[in-house]
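Trainee: Attaching a single structure in structure tokens format; questions to follow.
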Amino acid sequence: MSELRFTEDHEWLRAEADGSVTVGITAFAQNALGDVVFVQLPELQAYDQGAEASTVESVKAASGVYMPLTGEVLEVNEKLSDSPELVNEDPMGEGWFFRFKPADAAAVAKLLDQDAYDRLIKANAEA
């Protein structure tokens with residue numbers, strides 16, 4: 101598995117061998133949301149960085165999942181339509197949301213690495 105990258109909105113990204121990027125929400129995010137009851141998956145289309153691509157609803161709240169980089173969504177995790185609890189059970193694996201082809205593949209490396217994301221979570225907890 102390649103190195104994960106993260107956004108300040110608590111999405112994780114994993115670059116795949118075919119040039120696509122898999123996106124999901126982090127364990128921290130799913131824990132904050134609580135039990136996930138519904139996931140609205142994105143359309144197979146292009147999105148600008150920062151656009152709301154997906155929505156996740158839990159017993160506590162609804163939250164947007166934002167496009168981490170400009171690109172085109174190629175595939176969505178259809179399993180989440182019938183089993184949204186996968187987001188809670190395996191957020192960094194089977195609970196992924198979508199795969200996309202970034203407009204700028206090099207931009208993935210500019211996102212937060214694990215250490216930077218851990219510092220972000222710690223700073224949020226202390227705030």
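The number in the working numbering is simply the position in the sequence shown, starting from 1, with 100 added.
Glycine is no exception: its CB is placed at the ideal position from the N, C-alpha and C atoms.
#1: Which residue comes first and which comes last in the beta strand (DSSP E) that contains residue 198?
#2: Please report the straight-line C-alpha distance between residue 158 and residue 106, rounded to a whole angstrom.
#3: Contact defined as beta carbons within less than 8 Å: I believe residue 154 pairs with residue 136. What is the distance between those atoms, to the nearest angstrom?
#4: Reducing DSSP to helix, strand and coil, say where residue 140 ends up.
#5: Taking the continuous alpha helix (DSSP H) assigned at residue 220, which residues delimit it?
#6: Would residue 101 be called buried (16 or more neighbouring beta carbons within 10 Å of its own) or exposed?
#7: With DSSP run on the structure shown, which of helix, strand or coil describes residue 104?
#8: State the Cα-Cα distance for the pair residue 173 and residue 190, rounded to the nearest angstrom.
Mentor: To lay it out plainly:
#1: If you number the sequence shown from 1, residue 198 lands on position 98. Residues 198 to 202.
#2: To locate residue 158, count along the sequence shown from 1; it is residue 58. To locate residue 106, count along the sequence shown from 1; it is residue 6. Their Cα atoms are separated by approximately 22 Å.
#3: Translated into positions along the sequence shown, residue 154 becomes position 54. Translated into positions along the sequence shown, residue 136 becomes position 36. That pair is no contact at about 12 Å.
#4: The residue labelled residue 140 in the question sits at position 40 within the sequence shown. If DSSP states are grouped into helix, strand and coil, residue 140 belongs with the strands.
#5: Indexing the sequence shown from 1 puts residue 220 at position 120. Run containing residue 220: 214 to 226, per the alpha helix (DSSP H) assignment.
#6: Taking the sequence shown and counting its residues from 1, the one referred to as residue 101 is at position 1. With a pLDDT of 38 at residue 101, under the threshold of 50, the predicted position of this residue should be treated as unreliable, though the coordinate-derived value follows. It is exposed - the Cβ of residue 101 has fewer than 16 other Cβ atoms within 10 Å.
#7: For the purposes of this step, residue 104 is identified with residue 4 of the sequence shown, where counting begins at 1. Looking at residue 104 - three-state DSSP - the assignment turns out to be strand.
#8: Indexing the sequence shown from 1 puts residue 173 at position 73. Indexing the sequence shown from 1 puts residue 190 at position 90. Taking the straight line joining both Cα atoms gives about 21 Å.
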